[in-house]
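Residue numbers (my numbering): 1029 to 1135.
Positions of the beta carbon are idealized from the N, C-alpha and C atoms, including for glycine.
A short worksheet on the structure shown next.
The following block contains the structure:
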């Protein structure tokens, strides 16, 4: 399963100050995916940050959604690893479906 940022990222100060170029680049270069063995998240265009973790090393995948996020279908995903590492990824499209796919794959 793959997902990307929600279109809500175009309604921010960062988008306004960069003439909507920064959120456009973020949306098309960042990848959020779940395979049968691991969770893979890649962010950045020039400097690349990659987060890969096997299902067995992940303790929990948390979803935080505001009221507007519930209505429009976006939210923040927090992945907590077995070593206590926590990675937060904001404004993800369909975060509940992302967590559900993770839970299906982890079984």
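Next on the checklist: So that I know if they touch, is there some Cβ in chain D lying closer than 8 Å to that of residue 1036?
Outcome noted: Here there is only one protein chain, and chain D is not present.
Next on the checklist: What does DSSP give as the partner residue(s) for residue 1071 in the beta ladder?
Outcome noted: In the DSSP assignment, the residues bridged to residue 1071 are 1077.
Next on the checklist: Buried or exposed, going by whether 16 or more other CB atoms sit within 10 Å of the CB of residue 1103?
Outcome noted: Buried: at least 16 other Cβ atoms inside 10 Å.
Next on the checklist: Here's the rule: buried if 16 or more other CB atoms are within 10 angstroms of the residue's CB, otherwise exposed. What is residue 1064?
Outcome noted: A residue is called buried when at least 16 other Cβ atoms come within 10 angstroms of its Cβ; residue 1064 does not meet this threshold and is exposed.
Checklist entry - Taking only runs of the alpha helix (DSSP H) that begin and end inside the segment 1034-1061, which ones reach a length of at least 4 residues, in chain order? => result Those alpha helix (DSSP H) runs which fall completely within the segment 1034-1061 and span 4+ residues are 1041-1045 and 1049-1057.
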